[in-house]
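A.B. asks: This is the structure I want to talk about, given as structure tokens.
Residue numbers (this note's numbering), protein chains in the order written: chain A, 4 to 328; chain B, 6 to 143.
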């Protein structure tokens with residue numbers, strides 16, 4: 004579909020992105036996220052820009068205020084004259100394939116700011132709170148030439164779907180994970196669970212204008228203290244009470260995000276994380292290609308063999324996978 | 006690879022009227038019809054809508070307006086889209102819009118205008134037909 008978008012050649016698209024053309028950024032994002040004809044050449048051309056921008060992921064349950072927090076963070080970063088790109092992911096319906104991408108409503112005050120680029124993405128079937136093509140999308144943003152003639156936005160923020168307890172993929176995608184929570188979302192036992200709680204580099208307890216915010220902060224701190232490292236050099240995870248509504252604590256939150264970025268550089272941990280990102284990018288692509296290839300091999304003959312009990316799913320799946328190229 | 010991705014539609018509320026139940030009904034209906042739908046929220050300028058369309062790279066922009074300013078705002082969005090290199094984005098509208106205005110708006114580049122009482126299924130199938138046609142042409 005969308006043949007009109009295929010009109011620009013890959014080469015021209017890349018060069019226009021590298022010259023700071025936001026229309027080209029937008030088209031490039033469509034090509035790599037749609038995986039429409041010729042997208043591979045585009046994705047390949049943008050890959051070398053990996054690592055140009057610090058990437059910050061925001062995860063947390065639906066309604067915890069991720070988009071509103073993005074909005075206030077963007078305001079603060081723009082006051083300092085730094086450019087920001089945001090990729091915000093919302094769920095695709097498993098029933099209709101449609102989606103309502105609603106994160107944008109919270110940041111629309113920045114719609115006319117040339118230093119802000121916001122793109123909504125649908126999960127299109129991927130679990131884990133992200134879209135499968137997120138890596139290619141990030142590389143496009145890392146190639147964009149900003150007003151300061153620098154390659155890559157000063158900041159790239161990724162907002163996950165907000166599926167709740169299990170959206171940990173973001174930790175293999177970005178440099179710094181901010182976990183957003185809010186009062187009344189559970190006690191210290193909730194905070195002790197595996198899942199999103201264990202991938203946070205920084206905690207933001209949003210809605211600090213509500214009562215019980217202190218209790219929420221204390222619960223998380225309690226849970227974190229159970230796993231304190233003896234290594235004094237290790238990153239100690241900060242927990243901040245913030246309010247996207249009033250702006251309270253946002254400056255401190257940003258300071259922590261920046262401190263984490265500095266920690267990654269000083270400790271050498273950044274190299275570890277970037278490697279992890281590349282591994283994830285490669286493995287997710289491999290698994291998608293295998294899956295597509297293998298599923299194309301499933302035929303009615305196989306189903307017939309199952310109906311007639313002439314074979315079983317395990318034997319057949321092994322057989323199908325053997326032929327995968 | 007899989008080329009059957011959903012069409013992306015921006016639903017926008019230009020101008021000062023804050024009555025967006027209609028816009029929300031359309032958002033919901035299009036979502037359920039398999040579109041990826043982005044909503045701007047209320048009180049948007051034509052400039053904000055055009056830039057949002059650019060960043061989201063949408064296939065169509067739907068404008069909802071009940072205040073009577075459609076003759077000013079709809080054509081302005083159409084023109085700004087053109088200026089941003091998005092002349093091929095389908096623009097459609099809805100709201101309380103008199104028949105004679107509908108004719109004039111179509112002359113000025115609004116592809117279709119839907120009045121009160123239109124079935125949401127009709128809007129979804131109109132979009133599918135129009136966008137399928139546009140992508141075949143390209």
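Using N, Cα and C, we set each Cβ at its ideal position, and we do this for glycine too.
Measure the Cβ-Cβ separation of residue 25 of chain A and residue 59 of chain B and say whether it is below 9 Å.
C.D. replies: Counting from 1 along the first chain, the entry for residue 25 of chain A is found at position 22. Counting from 1 along the second chain, the entry for residue 59 of chain B is found at position 54. Yes.
A.B. asks: Counting only the same chain and skipping the five closest in sequence on each side, list residues whose C-beta sits under 8 Å from that of residue 308 of chain A.
C.D. replies: Here residue 308 of chain A corresponds to residue number 305 of the first chain, with the count starting at 1. Excluding positions up to five away in sequence, the list reads 314, 319.
A.B. asks: Is the distance from the Cβ of residue 94 of chain B to the Cβ of residue 115 of chain B below 9 Å?
C.D. replies: Taking the first residue of the second chain as position 1, residue 94 of chain B is located at position 89. Taking the first residue of the second chain as position 1, residue 115 of chain B is located at position 110. No. Outside cutoff.
A.B. asks: In three-state terms, what does DSSP make of residue 5 of chain A?
C.D. replies: Numbered from 1 along the first chain, position 2 holds the residue referred to as residue 5 of chain A. With a pLDDT of 41 at residue 5 of chain A, under the threshold of 50, the predicted position of this residue should be treated as unreliable, though the coordinate-derived value follows. Residue 5 of chain A: coil per DSSP, three-state reduction.
A.B. asks: Which residues in the same chain have their Cβ closer than 7 Å to the Cβ of residue 270 of chain A, if we skip the five residues on either side of it in sequence?
C.D. replies: Locating residue 270 of chain A in the first chain gives position 267, where the first residue counts as 1. Here the set comprises 236.
A.B. asks: Using C-beta distances below 8 Å, list every residue in its chain close to residue 98 of chain B, excluding the 5 sequence neighbours before and after it, in chain order.
C.D. replies: Here residue 98 of chain B refers to the residue found at position 93 of the second chain. So the list reads 67, 68, 69, 70, 75, 79, 110, 115, 117, 118, 119, once near-sequence residues are dropped.
A.B. asks: Under a Cβ-count criterion, where at least 16 other Cβ atoms within 10 Å of its own Cβ denotes burial, should residue 142 of chain A be classed as buried or exposed?
C.D. replies: The residue given as residue 142 of chain A occupies position 139 in the first chain. Buried is the call here.
A.B. asks: Relative to the C-alpha of residue 58 of chain A, which candidate in A/261, A/285, A/317 has its C-alpha closest?
C.D. replies: On the first chain, position 55 is the one that residue 58 of chain A refers to. Nearest C-alpha to residue 58 of chain A: A/261.
A.B. asks: Which of the three DSSP states is assigned to residue 193 of chain A in this structure?
C.D. replies: Within the first chain, residue 193 of chain A is the residue found at index 190, counting from 1. Reduced to three states, the DSSP call for residue 193 of chain A is helix.
A.B. asks: Provide the residue(s) that pair with residue 158 of chain A in DSSP beta bridges, ordered along the chain.
C.D. replies: Taking the first chain and counting its residues from 1, one reaches residue 158 of chain A at position 155. Paired residues: A/87.
A.B. asks: Thinking C-beta only, is residue 203 of chain A closer than 9 Å to residue 159 of chain A?
C.D. replies: Looking up residue 159 of chain A in the first chain gives position 156. Looking up residue 203 of chain A in the first chain gives position 200. No, these two residues do not count as a Cβ contact at 9 Å.
A.B. asks: How many whole angstroms separate the CB atoms of residue 27 of chain A and residue 34 of chain A, which I take to be in contact at a CB cut-off of 8 Å?
C.D. replies: Taking the first chain and counting its residues from 1, the one referred to as residue 27 of chain A is at position 24. Taking the first chain and counting its residues from 1, the one referred to as residue 34 of chain A is at position 31. About 10 Å separates the two Cβ atoms, so there is no contact after all.
A.B. asks: Have a look at A/326, A/56, A/306, A/215 and flag the residue whose alpha-carbon is nearest the alpha-carbon of residue 176 of chain A.
C.D. replies: Within the first chain, the letter at position 173 stands for residue 176 of chain A. The residue with the shortest Cα to Cα distance from residue 176 of chain A is A/56.
A.B. asks: For residue 304 of chain A, count neighbouring Cβ atoms within 10 angstroms of its own Cβ and tell me buried if that reaches 16, exposed if not.
C.D. replies: Residue numbering aside, residue 304 of chain A sits at position 301 when the first chain is read from its first letter. So residue 304 of chain A ends up on the exposed side.
A.B. asks: Does any residue of chain B bring its CB to less than 9 Å from the CB of residue 12 of chain A?
C.D. replies: Position 9 of the first chain, counted from the start, is the residue given in the question as residue 12 of chain A. Not closer than 9 Å to any Cβ of chain B, the Cβ of residue 12 of chain A fails to qualify, so no.
A.B. asks: So if I threshold CB-CB distances at 8 Å, which residues from the segment 91 to 121 of chain A count as touching chain B?
C.D. replies: Of all residues in the segment 91 to 121 of chain A, 95, 96, 99, 100, 101, 102, 103, 104, 105, 107, 108, 111, 114, 115, 120, 121 have a Cβ within less than 8 Å of some Cβ in chain B.
A.B. asks: Between residue 138 of chain A and the rest of its own chain, which residues show a CB-CB distance below 6 Å, the 5 nearest in sequence each way excluded?
C.D. replies: Within the first chain, numbered from 1, the residue matching residue 138 of chain A stands at position 135. Around residue 138 of chain A: 284.
A.B. asks: Taking its Cβ as the centre, do 16 or more other Cβ atoms sit within 10 Å of residue 46 of chain B, making it buried, or is it exposed?
C.D. replies: Counting from one through the second chain, the residue named residue 46 of chain B turns up at place 41. Burial call: buried.
A.B. asks: Between residue 249 of chain A and residue 228 of chain A, what straight-line distance do the alpha-carbon atoms span, to the nearest angstrom?
C.D. replies: For the purposes of this step, residue 249 of chain A is taken as the residue at position 246 of the first chain. For the purposes of this step, residue 228 of chain A is taken as the residue at position 225 of the first chain. Taking the straight line from one Cα to the other gives about 29 Å.
A.B. asks: Got a sec: which bits of the segment 22 to 49 of chain B sit with their beta carbon under 8 Å from any beta carbon on chain A, in order along the chain?
C.D. replies: Within the segment 22 to 49 of chain B, the residues whose Cβ lies closer than 8 Å to some Cβ of chain A are 32, 33, 35, 36, 37, 38, 39, 40, 41, 42, 43, 44, 45, 46, 49, listed in chain order.
A.B. asks: Within 10 angstroms of the Cβ of residue 298 of chain A, are there 16 or more other Cβ atoms? Answer buried if so, exposed if not.
C.D. replies: By one-based count along the first chain, residue 298 of chain A stands at place 295. Burial call: exposed.
A.B. asks: Is it right to say residue 197 of chain A is buried, meaning 16 or more other beta carbons lie within 10 angstroms of its own, or is it exposed?
C.D. replies: Sequence index remark: in the first chain, residue 197 of chain A carries index 194 (1-based). Exposed, since its Cβ has fewer than 16 Cβ neighbours within 10 Å.
A.B. asks: Counting pairs of beta carbons, one from the segment 183 to 192 of chain A and one from the segment 204 to 222 of chain A, are three or more of them closer than 8 Å?
C.D. replies: Yes, the segment 183 to 192 of chain A is in contact with the segment 204 to 222 of chain A.
A.B. asks: Cβ closer than 9 Å: which chain A residues qualify as neighbours of residue 57 of chain B?
C.D. replies: Counted from its first residue, the second chain places residue 57 of chain B at position 52. Within chain A, the residues near residue 57 of chain B are 107, 111, 114, 121.
A.B. asks: Does the segment 38 to 53 of chain B come close enough to the segment 99 to 115 of chain A that 3 or more CB-CB pairs lie under 8 Å?
C.D. replies: Counting Cβ pairs under 8 Å, three or more are found: they touch.
A.B. asks: Expressed to the nearest angstrom, what Euclidean distance is found between the alpha-carbon atoms of residue 73 of chain A and residue 96 of chain A?
C.D. replies: Residue 73 of chain A sits at position 70 when you count from the first residue of the first chain. Residue 96 of chain A sits at position 93 when you count from the first residue of the first chain. So the two alpha carbons sit approximately 24 Å from each other.
A.B. asks: Run down chain A in chain order and give the residues with a C-beta less than 7 Å from the C-beta of residue 62 of chain B.
C.D. replies: Locating residue 62 of chain B in the second chain gives position 57, where the first residue counts as 1. Within chain A, the residues near residue 62 of chain B are 29, 30, 32, 33.
A.B. asks: Scan the segment 123 to 151 of chain A for residues whose Cβ lies nearer than 8 Å to a Cβ of chain B and list them as they occur along the chain.
C.D. replies: Answer set for the segment 123 to 151 of chain A: 123, 125, 127.
A.B. asks: How many angstroms separate the CA atom of residue 7 of chain B from the CA atom of residue 69 of chain A?
C.D. replies: What you label residue 7 of chain B is simply residue 2 of the second chain in a count that begins at 1. What you label residue 69 of chain A is simply residue 66 of the first chain in a count that begins at 1. Caution is warranted here: a pLDDT of 40 is assigned to residue 7 of chain B, below 50, making its placement in the model unreliable, and the coordinate value is therefore given only provisionally. Rounded to the nearest angstrom, the two C-alpha atoms are 31 Å apart.
A.B. asks: Mark residue 120 of chain A as exposed unless 16 or more other C-beta atoms lie within 10 angstroms of its C-beta, in which case mark it buried.
C.D. replies: On the first chain, position 117 is the one that residue 120 of chain A refers to. So residue 120 of chain A ends up on the buried side.
A.B. asks: Grouping DSSP H, G and I as helix and E and B as strand, with all else coil, what is residue 121 of chain A?
C.D. replies: On the first chain, residue 121 of chain A is found 118 positions in, with the first residue counted as 1. Three-state DSSP puts residue 121 of chain A in a strand.
A.B. asks: Give the C-beta separation of residue 61 of chain B and residue 91 of chain B to the nearest angstrom, bearing in mind that I take them to be a contact with Cβ-Cβ under 8 Å.
C.D. replies: Position 56 of the second chain, counted from the first residue, corresponds to residue 61 of chain B. Position 86 of the second chain, counted from the first residue, corresponds to residue 91 of chain B. That belief does not hold up - the Cβ atoms of residue 61 of chain B and residue 91 of chain B are roughly 11 Å apart, past 8 Å.
A.B. asks: Within 10 angstroms of the Cβ of residue 113 of chain B, are there 16 or more other Cβ atoms? Answer buried if so, exposed if not.
C.D. replies: Residue numbering aside, residue 113 of chain B sits at position 108 when the second chain is read from its first letter. It counts as exposed.
A.B. asks: Less than 6 Å between C-beta atoms, sequence neighbours within five positions excluded: which residues of the same chain meet that for residue 101 of chain B?
C.D. replies: By one-based count along the second chain, residue 101 of chain B stands at place 96. Here the set comprises 71.
A.B. asks: Can you name the residues of chain A whose CB is closer than 8 Å to the CB of residue 53 of chain B?
C.D. replies: Here residue 53 of chain B refers to the residue found at position 48 of the second chain. Residues of chain A passing the Cβ test: 111, 114, 115.
A.B. asks: Look at the alpha carbon of residue 28 of chain B and the alpha carbon of residue 17 of chain B, and state the distance between them as a whole number of angstroms.
C.D. replies: The residue labelled residue 28 of chain B in the question sits at position 23 within the second chain. The residue labelled residue 17 of chain B in the question sits at position 12 within the second chain. Each residue's alpha carbon lies about 8 Å from the other.
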